[in-house]
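Before any comments, here is the structure.
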Amino acid sequence: MDSLKTLYKDRAEKYRGMAEHTGKKLFYLSMLRLLVFIAGVSLLVLLWRISQTAAIATFTAAIIIFIFLLRKYAEQSFKKSFCENLLRINEMELSGLNNDHDCFDGGDEYIDPHHDFSHDIDLFGNHSLYQYLNRTCTGRGKDLLAGWLMSPYKLSGDMEKRQEAVRELAPMVSWRQEFKAYGMTGTTGKDDIDDFNAWLREQALYLNNRTYRVLRVLMPALALLTLILAIAGILHYSLFVLVFLLNLGIISVNLRNINRKHAMVSKKHSMLKTLGNLVSHFEDQGFNSSYICQLKKSLSAGGQTASLSIRRLSRIIQAFDSRLNMLMAIPLNGILLWDIQCIFRLESWKRTASELLPEWFDKLGHTDALCSLANFARNNEHFSYPLKSEGDVYLLAGDMGHMLIPAKTRVTNDFKVGGRGEINIITGANMAGKSTFLRTLAVNMVLAMAGAPVCATELIFTPCKLYSSMRTTDSLSDSESYFYAELKRLRELKERLERKKNVFFLLDEILKGTNSKDKSEGARIFIEKIIEYKATGIIATHDIQLGSLEDNYPNVKNRCFEIEIEGDEVKFDYILRDGLTKNMNAAILMKQMGII
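Convert by adding 19 to the 1-based position in the sequence shown; the result is the number in this note's numbering.
This is the structure:
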């Protein structure tokens, strides 16, 4: 931990210094630009009376130098922003190491109380697993990471390949942080991507139209020819003006379509520049893992790299956005039919790369999400990579704990599920650790199937679909009681087991919404029913009477969290043991809090 903090502190100081140094360069460039402008105007005035040719030549040279300095300023401005992003990234990592994850996005938009398990195990929201993991910088990466955590079983077939990718990316701190820093320089949100996908799905408007293919060449040629001949004194300027107005008329007739096309792509060159930088950063790095190499292989189009293709598209859109400046839009369209030329170029680009762009977004998102898992692995080097079970053992965990609990206070446990069809009933007092253990097991299984390391010295398991009923709530909007909501969850579990789905269930205090006798009897009947389906999972409960099921069913195992009671004091050790709990603590805790 100390070495990690030193690493991020050193990197933060490095980029703080670079940002400050670049800031000074920007100041000097601004001053130099101002001097060049003043000198250019002054020399133009002073030399005009002596030699107009010299005055124009000097002013032209000043403009060239001014434009050069503008480009240098833009480069240094981007570099400063890039360094500031890297500084912020390392400062956030230091906060995370100090157990403060509020600076990371918790994915509140993915919270779903009806999901199979995510709401019960705090997958999203503040102080969630997603917030602990999330280092994404693209909208697609953010969505993919959430999807991986919500549907990890779908990924389990590639678990070993994904582990290989995470192992390779984990030590590449500089590369991963630079990837994120590029992503932070612009917006790559879902709305921008959706706009582009809508544009990609549209049919070509001008590219296949023979009339406009002729007009886009003929009319600009006529405009330029009449302008040159008018300047040379061969033709009257009125002919140029006529062609100029004809071109504006063509634009006016098509203005509705042009505006609609432009609205779909307008001001997206910044986003595309960001994506181009991300793709280029990915393309320039060599990788060994087959999973990442396959992602990288997808970033090409007819022999052209994705980064070059995206940058070309960005330049076309930037040129199209020139129409937003009326001082440029009128002459450009009057002479060159600029808007139509830009749409031709866009449609030509779309014809060669439209089917590939969504895939590039997707592969970039995969890389982005993988970097989050790799960062998690780098920050927790003592965690282990799980293995798939090849024998009869369904699940075997050693020193398993919850990664969101600080290491100093984290209590770990060994746990084993001997085979498919085994049900563990965990009893224990209030606050003894039952619910936390269920969440601990669930989040580690989610991480395992996603290809990440887990908070355990070892984890051997059978990939499965998780299903839980731990945090059922009532719904006023649906006129649904707490008890009925829980019954619906249990019915869904039963139906999945009937369909012989590969489910591992986690139930916490089932039938909480009814009286003790009814609850005990109903829970027993439900457990006996799911035993018939050879169900595998865990039930946490206060009801020690359910422990008697072990006597009648060999696949039912009793586990417990015990407490120590010394007078009016209650001590928790959070160690999982075999057997039934012997102590309960509700009355003692109420006395401690002055309730009774």
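From the three backbone atoms N, C-alpha and C, an ideal C-beta is built for every residue, glycine too.
- The stretch 174 to 246 contains, as complete alpha helix (DSSP H) runs of 4+ residues, the segments 178 to 188, 192 to 203 and 209 to 220 (chain order).
- Close CB contacts of N352 within its chain, under the 7 Å cut and outside five residues either way in sequence, are with N266, L267, I270 and D358 (chain order).
- For K590, the uninterrupted beta strand (DSSP E) run begins and ends at E588 to D597, by DSSP.
- Within the same chain, Cβ atoms closer than 7 Å to the Cβ of E583 are found at K590, the five residues on either side in sequence being excluded.
- Rounded to whole angstroms, the gap between the alpha carbons of R578 and A559 is 9 Å.
- Residue state for F136 is assigned as coil, using DSSP reduced to three classes.
- Annotation for V260: the continuous alpha helix (DSSP H) segment containing it runs Y256 to V272.
- Annotated three-state conformation of D141 is coil, per DSSP.
- Annotation for T560: the continuous beta strand (DSSP E) segment containing it runs T555 to T560.
- Distance from A81 to G59 at the Cβ level is roughly 3 Å; contact confirmed, criterion being Cβ atoms closer than 8 Å.
- A direct Cα-Cα distance of roughly 50 Å separates D597 from M203.
- Contact fails between the stretch 434 to 453 and the stretch 365 to 374, because fewer than three Cβ pairs, one in each stretch, are under 8 Å apart.
- At least 8 Å separates the beta-carbon of F123 from that of Q95.
- The beta strand (DSSP E) runs lying completely inside the stretch 105 to 136 and spanning 3 residues or more number zero.
- Looking at the DSSP output, G447 bridges to F580.
- Following the DSSP letters along the chain, one finds G438 in no beta strand (DSSP E), marked with neither H nor E.
- Annotated three-state conformation of Q323 is strand, per DSSP.
- Around the beta carbon of I544, fewer than 16 other beta carbons sit within 10 angstroms, so the residue counts as exposed.
- Close CB contacts of P377 within its chain, under the 8 Å cut and outside five residues either way in sequence, are with N216 and L219 (chain order).
- Look at K287 here: in three-state DSSP terms it is coil, with no helix or strand label.
- Take the alpha-carbon of E409 and the one of S403: they are about 18 Å apart.
- A direct Cα-Cα distance of roughly 28 Å separates I329 from A38.
- For L406, the secondary structure class from DSSP, reduced to helix, strand or coil, is strand.
- Taking a cut-off of 8 Å for Cβ pairs, the stretch 77 to 92 and the stretch 125 to 137 do not touch, as fewer than three such pairs fall below it.
- The C-alpha of F301 is placed about 10 Å away from the C-alpha of C312.
- Cα atoms of K180 and A388: separation of roughly 15 Å, rounded to the nearest angstrom.
- The three-state reading of DSSP puts A416 in strand, counting E and B together.
- The C-alpha of M347 is placed about 21 Å away from the C-alpha of A249.
- Within a 10 Å sphere around the beta-carbon of I362 sit 16 or more other beta-carbons, which makes this residue buried.
- Note that the C-beta distance between F395 and A467 is not below 8 Å.
- Exclusion of the five residues before and after E187 leaves F306, N307, S308 and I311 as the residues of its chain whose Cβ lies within less than 7 Å of its Cβ.
- Around the Cβ of K453, a 10 Å sphere holds 16 or more other Cβ atoms; the residue is buried.
- K484 is bridged by DSSP to V522.
- Linking S539 to S137 through their CA atoms gives a straight-line distance of about 27 Å.
- Taken atom to atom, the span from the alpha-carbon of R397 to that of L375 is near 32 Å.
- Here I479 carries a strand assignment [DSSP, helix/strand/coil].
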